[in-house]
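First the structure, in the form of structure tokens, and then the observations on it.
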Amino acid sequence: MNVLTVNDLHLDYGSGASANPILKGVSMHLQRGEVVALLGPSGSGKTTLLRAVAGLESPKAGTIDIGERRVFEGGAKGGRALELPAEERNLGLVFQSYALWPHKTVFDNVAYGLKLRKMASRAIKDKVNEVLSQLGLGHLGERFPHQLSGGQQQRVAIARALVYNPPVILLDEPLSNLDAKLREEARAFLRELIVRLGLSALMVTHDQAEAMAISDRILLLNNGKIEQQGTPQSMYEAPDTLFTAEFMGSNNRLPAQMVQRSGSGARLQVGGRELNATARGLGEGKDASALIRVEEVKIGRSPVPNGIELPLLTSMYLGDRWECLFKSGDAHVRAYSKHRLDPGQYWLEMPAEKLWVF
Ligand SMILES: Nc1ncnc2c1ncn2[C@@H]1O[C@H](COP(=O)(O)OP(=O)(O)O)[C@@H](O)[C@H]1O
Ligand SMILES: [Mg+2]
729 MNVLTVNDLH LDYGSGASAN PILKGVSMHL QRGEVVALLG PSGSGKTTLL RAVAGLESPK
789 AGTIDIGERR VFEGGAKGGR ALELPAEERN LGLVFQSYAL WPHKTVFDNV AYGLKLRKMA
849 SRAIKDKVNE VLSQLGLGHL GERFPHQLSG GQQQRVAIAR ALVYNPPVIL LDEPLSNLDA
909 KLREEARAFL RELIVRLGLS ALMVTHDQAE AMAISDRILL LNNGKIEQQG TPQSMYEAPD
969 TLFTAEFMGS NNRLPAQMVQ RSGSGARLQV GGRELNATAR GLGEGKDASA LIRVEEVKIG
1029 RSPVPNGIEL PLLTSMYLGD RWECLFKSGD AHVRAYSKHR LDPGQYWLEM PAEKLWVF
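Every position in the sequence shown, counted from 1, becomes a number in the working numbering once 728 is added.
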């Protein structure tokens, strides 16, 4: 069952001659119990889509349904046939800036919305304490936000969103204020929490590793449109477009000429050699973009059938491996090595099924 359905949503900032289209026909859904990541580069419209679903921005066309209930419907000539205010949409919202009240305790920050709804104080106490303990904050109810770490503040913001038992929670870059190490811990915590409580969540992020780690499905937004959607595995391993392929991983992009193409097989001219590749896009012309993930390039010292020969330019130590850059003229290729490499010429093998052409 879908807890959220968005159909052909259009949204402009500004109006008339100065209208700036931001969402250009976005359709998506979220199933009960599902975690969907809304991924895309900065400015692609992720926050705008989340805010439109929440009722904080007004689209000009399309529909938004929460569960069975329609909450937005565009009308004739850019009017609105139906538009429920944010407070009637019953969604849990977590913003990038946690937006906690500095002069309220943790307990009161979380209880505030229930008080507004005139819930009995006994019931408020039980509910707030339940949510705080679900989030591992049970002992911090009397503290003020400035007495908490960044990770704890972020959990208070989540507790505040969950206290109403909303059918859907919307999170906008909820981990981006945490430093790198805390961020990895927090994403595991958040994933585990969402699954344990059976929540349905739509989470915005610009970080593809975070999107893959946390979600069941990824929607990749490109300039106000969904570029591709699918499981993290399918987005990473079988991108349909060059944009998706480039966004989802760490890549080598090589200038190439198409020599021959038959079905999904392609023969390319790359750096003076002919290589077998896999055709993923519709590319018809002679010039093509070949792409291979950095981790798929195999480094060797002797000639390989599907590879090119380049000198080592430099290597960088990453702790668990070395990242090596091979370069000659226009051709440059990055690859990982377990060990430090001596200077010299190397063969870089690019397996045909991992060398993609778009
Ligand atoms: N209130 C606003 N008024 C005008 N333009 C805006 C407003 N908010 C965002 N934009 C523009 O809309 C585009 C999408 O913004 P946003 O949805 O915040 O992107 P993202 O969250 O993907 O980084 C950007 O070009 C941004 O400059
Ligand atoms: Mg944003």
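A virtual CB, placed ideally from N, CA and C, is assigned to each residue, including glycine.
Residues near residue i in its chain [Cβ-Cβ closer than 7 Å; skip 5 each side]
i, result
"G1035", "W1075, L1076, E1077 and M1078"
"M976", "Q936, M963, Y964 and P967"
"S1056", "L1038 and P1039"
"L810", "R798, F800 and E801"
"L1041", "L1053, F1054 and K1055"
Residue i versus residue j: straight-line alpha-carbon distance, rounded
i, j, result
"V764", "V891", "21 Å"
"Y835", "L863", "Note that residue 835 is Phe in the sequence shown here, rather than Tyr. Using only the alpha carbons, I get a separation of about 13 Å."
"K752", "L739", "7 Å"
"V896", "A887", "14 Å"
"E1081", "D1048", "26 Å"
"M986", "L876", "58 Å"
"T833", "L898", "24 Å"
"A1059", "L1003", "14 Å"
"S1103", "V1032", "With the chain covering 729 to 1086 only, the question about residue 1103 has no answer from this structure."
"A1005", "P983", "13 Å"
"V998", "A814", "54 Å"
"G761", "G991", "39 Å"
"S755", "E955", "11 Å"
"H874", "Q759", "37 Å"
"P902", "Q882", "7 Å"
"K846", "D854", "15 Å"
"L860", "E912", "21 Å"
"G958", "R919", "18 Å"
"G744", "N950", "24 Å"
"Q961", "H831", "44 Å"
When the options are compared against residue i, the one with the closest alpha-carbon
i, options, result
"R943", "L751, L766, V754 and K752", "In the sequence as displayed, the identity of residue 943 is Ser instead of Arg. Among L751, L766, V754 and K752, the Cα nearest to that of S943 is on L766."
"A816", "G993, R883 and F800", "The residue asked about is misnamed: residue 816 is Glu in this sequence, not Ala. With distances taken between Cα atoms, E816 lies closest to F800."
"T969", "Q824, L948, Q988 and P902", "L948"
"L778", "P894, T933, V884 and R924", "T933"
"A994", "L1019, S978 and A973", "L1019"
"D736", "G803, L996 and G795", "G803"
"V781", "L810, L819, A745 and G1009", "L819"
"G952", "L758, N748, A747 and S772", "S772"
"E858", "P830, N893, I954 and H831", "N893"
"I852", "R1001, L842 and E1024", "L842"
"G742", "G768, K788, M847 and L810", "K788"
"Q988", "K1014, G783 and A939", "K1014"
"G1072", "L1046, W1084, L1083 and G1028", "G1028"
"G795", "V734, N730 and S770", "N730"
6 Å CB neighbourhood of residue i in its chain, flanking five on each side removed
i, result
"A941", "R915"
"E870", "T833"
"D900", "T775, L778, F823, Q824 and V932"
"D793", "T733"
Presumed contact (8 Å Cβ cut-off) between residue i and residue j, rounded CB distance
i, j, result
"E785", "T776", "6 Å"
"L732", "L930", "7 Å"
"A973", "N980", "Not quite, the Cβ-Cβ distance comes to about 11 Å (not below 8 Å), so this is no contact."
"A885", "A827", "7 Å"
"G878", "N837", "Contact doesn't hold; Cβ gap of about 15 Å is too wide."
"F971", "S1017", "The pair is not a contact, with the Cβ atoms about 11 Å apart (cut-off 8 Å)."
8 Å Cβ shell around residue i - same chain, five flanking residues per side excluded
i, result
"W1050", "S1043, M1044, Y1064, S1065, K1066, H1067, R1068 and L1069"
"Q880", "L865 and L868"
"L925", "Q862 and L890"
Ligand 4 heavy atom lying under 8 Å from the CB of residue i
i, result
"Q824", "In terms of ligand content, the structure shown lacks ligand 4 and carries ligand 1 and ligand 2 instead."
(message) Give the residues whose C-beta lies closer than 5 Å to at least one heavy atom of ligand 1, in chain order.
(response) Y741, I750, S770, G771, S772, G773, K774, T775 and T776
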